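Protein chains in written order, with my numbering: chain S, -14 to 160; chain Y, -14 to 160.
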């Protein structure tokens, strides 16, 4: 039976979490593995649709996602979760709860993220039109001991994906 | 690979949902199957701890549980969910979302449930000390087409458990 684990991608908005998470998920599915993707777009439809972006709501958001990831992981599913998840304390809560937990820091300079700004959110945050925006009006705490760091302002998405896969093999989570 | 499905037990408070759900779970685990139990005590610790018992909150509660059950079910896990879940519309939402869904109506007369009253909740509800209590101050809609009915005021818990197992075999969910 395949071993379940949770691959957790953290990083600033527009740092490239979704792109890399999707590439890794596609690669693992090709290998015949059971994979579930969890991200804001997926969970905000049902699981967390009552939540905003205050510190308290961010905690609740990750707490609920963690519950789902824990149950899937212990039943042999690979969960690929991509969330800004800006606080060390909250990421470490997820790690403790889930057990088989691999943290990926999707590193990208704030300048580059602002340049990308795929949904125009940085623009609004800088103009003060939205509050609690990570990187502008809310902090992002760099992970202290991530298992993997990918630098999306220096590597192509495919290079980042390959780095993640290689590291998962090295850690013994993949054959 | 084992087939995932969700066994959903609905019924009045103190009708015996938890007892039967636990007996079925134990039996399936003995057979080497992957099983997850979901009930109020489990999910209210994290997933739904902000929710009360208004109609709206009951809907949200079942909506979040359904999200979890759907993901587990489609990954080959057997989910055994026991919730009062008093509304037909909400149970049918779960059925639509989850797909492999088997509804068990845990039937027990209100009189017998009040007599059991294991947590003293009926007493408080009748005294008006708690509101929105199903059976007293909130409705319970009998399921229209449940796959299984167990009558816990007429059968022993073991008989009910055996009836559930036999029916799951007949439906092709178990060998």
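Where a beta carbon is used, it is the ideal one built from N, C-alpha and C, also for glycine.
Quantities reported herein were computed from a predicted structural model and do not represent experimental measurements.
The C-beta of residue 77 of chain Y comes no closer than 7 Å to any C-beta of chain S. The residues 134 and 136, in chain order, have a CB closer than 6 Å to that of residue 92 of chain Y in the same chain once the five nearest residues on each side in sequence are set aside. Of all residues in the segment 40 to 64 of chain Y, those with a C-beta nearer than 8 Å to a C-beta of chain S are 45, 48, 49, 51, 52, 53, 56, 57, 60, 61 and 62, reading in chain order. Chain Y has a Cβ within less than 7 Å of the Cβ of residue 31 of chain S.
Within chain Y, the C-beta atoms nearer than 7 Å to that of residue 19 of chain S come from 60, in chain order.
Secondary structure within the segment 25 to 78 of chain Y: the alpha helix (DSSP H) runs of 4 or more consecutive residues, fully enclosed, are 25 to 28 and 40 to 58 (chain order). According to DSSP, residue -8 of chain S shares a beta bridge with S/65 and S/87. By the Cβ rule, the segment 141 to 149 of chain S does not count as touching the segment 31 to 44 of chain Y, because fewer than three pairs are nearer than 8 Å. Taking the C-beta atoms as reference points, residue 28 of chain S is found nearer than 7 Å to residue 50 of chain S. Residue pairing of residue 119 of chain S in beta bridges, as defined by DSSP: S/123.
Around residue 80 of chain S, the same chain offers 86 as residues with beta carbons nearer than 6 Å, after the five sequence neighbours per side are excluded.
In this structure, the beta-carbon distance from residue 11 of chain S to residue 58 of chain S does not fall below 7 Å. For residue 160 of chain Y, no beta strand (DSSP E) run applies, since DSSP gives it neither H nor E.
Contact between residue 21 of chain Y and residue 60 of chain S holds: their C-beta atoms lie close to 7 Å from each other, under 8 Å. Within a 10 Å sphere around the beta-carbon of residue 156 of chain Y sit fewer than 16 other beta-carbons, which makes this residue exposed.
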